[in-house]
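Before any comments, here is the structure.
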Amino acid sequence: MTPLFKKLNYKGQEQILVVNAPESFKKELDALAQSTEVIIYSDSAKPEAVTFALCFVMTQAEIDRFISTVERKLPGDVVIWICYPKASSKRYKCDFNRDTGFGILGDYGLEAVRQVAIDEDWSALRFRKVEYIKNITRRESFALTKEAKRRTNRRGE
Numbered sequence: 001m002t003p004l005f006k007k008l009n010y011k012g013q014e015q016i017l018v019v020n021a022p023e024s025f026k027k028e029l030d031a032l033a034q035s036t037e038v039i040i041y042s043d044s045a046k047p048e049a050v051t052f053a054l055c056f057v058m059t060q061a062e063i064d065r066f067i068s069t070v071e072r073k074l075p076g077d078v079v080i081w082i083c084y085p086k087a088s089s090k091r092y093k094c095d096f097n098r099d100t101g102f103g104i105l106g107d108y109g110l111e112a113v114r115q116v117a118i119d120e121d122w123s124a125l126r127f128r129k130v131e132y133i134k135n136i137t138r139r140e141s142f143a144l145t146k147e148a149k150r151r152t153n154r155r156g157e
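Set out below in structure tokens:
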């Protein structure tokens, strides 16, 4: 396993779903493909269930399309990473940032729980189903789901 996938909480899942990975990420995928099945998402490659997903996006529409396509295939405490260009990237541009653009994920019961750097161009946010998050530590204004907003209001009780 590569150091990056260790950082991304890869724990030996049998398959990982990858969407829109840039060419610069191919080396990471090739290394991982030696120990697990890497499914590059396309219309013909749609897994039945997703336990680890890595989706590279540059537009709000790509986030919307990804989550609406896979949301019924997310069993249990799935690992979902949404990768987006850093503001400092000279190669890629994005129409949102870390603090905007992810609201739709709240509609599917998902909250951001962790951020990591992929490389000099890409950052990634991990999302989890809110029912699997033990402690919600962010401010209510940053919570995406009603449940997370409710749980942030209970802090300090």
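1 is the number of the first residue of the sequence shown in the UniProt record's numbering; add one for each residue after it.
The C-beta atom is built at its ideal place from N, Cα and C for all residues, glycine as well.
query                                                                                                                   : result
Simplified DSSP state of Ile-63, which is helix, strand or coil                                                         : helix
Outcome for Thr-100 when other beta-carbon atoms lying within 10 angstroms are tallied against a minimum of 16          : exposed
Phe-66 at chain D interface by Cβ criterion, 8 Å                                                                        : No chain D appears in this structure, which consists of one protein chain only.
Neighbourhood of Gln-60 by C-beta distance below 7 Å, restricted to the same chain and skipping five residues each side : Asp-95, Phe-96, Gly-101
Option nearest Val-113 by Cα separation, candidates Val-130, Asp-107, Asp-121                                           : Val-130
DSSP-derived helix/strand/coil call for Leu-8                                                                           : coil
Backbone secondary structure at Asn-92 - three-state DSSP                                                               : Contrary to the premise, residue 92 reads as Tyr rather than Asn in this sequence. In the structure shown, Tyr-92 sits in coil (DSSP, three-state: anything other than H, G, I, E or B).
Cβ shell of Lys-93 (< 8 Å), same chain only, five flanking positions each side left out                                 : Met-58, Pro-85
Reference Leu-4, options Arg-128, Ile-39, Leu-32, Glu-14, closest by Cα                                                 : Leu-32
Where Arg-126 falls: helix, strand or coil (DSSP)                                                                       : strand
Between the CA atoms of Arg-150 and Val-18 - distance to the nearest angstrom                                           : 33 Å
Cβ neighbour criterion (16 or more within 10 Å) applied to Gly-12                                                       : exposed
Local conformation of Asn-20 per DSSP, three classes                                                                    : coil
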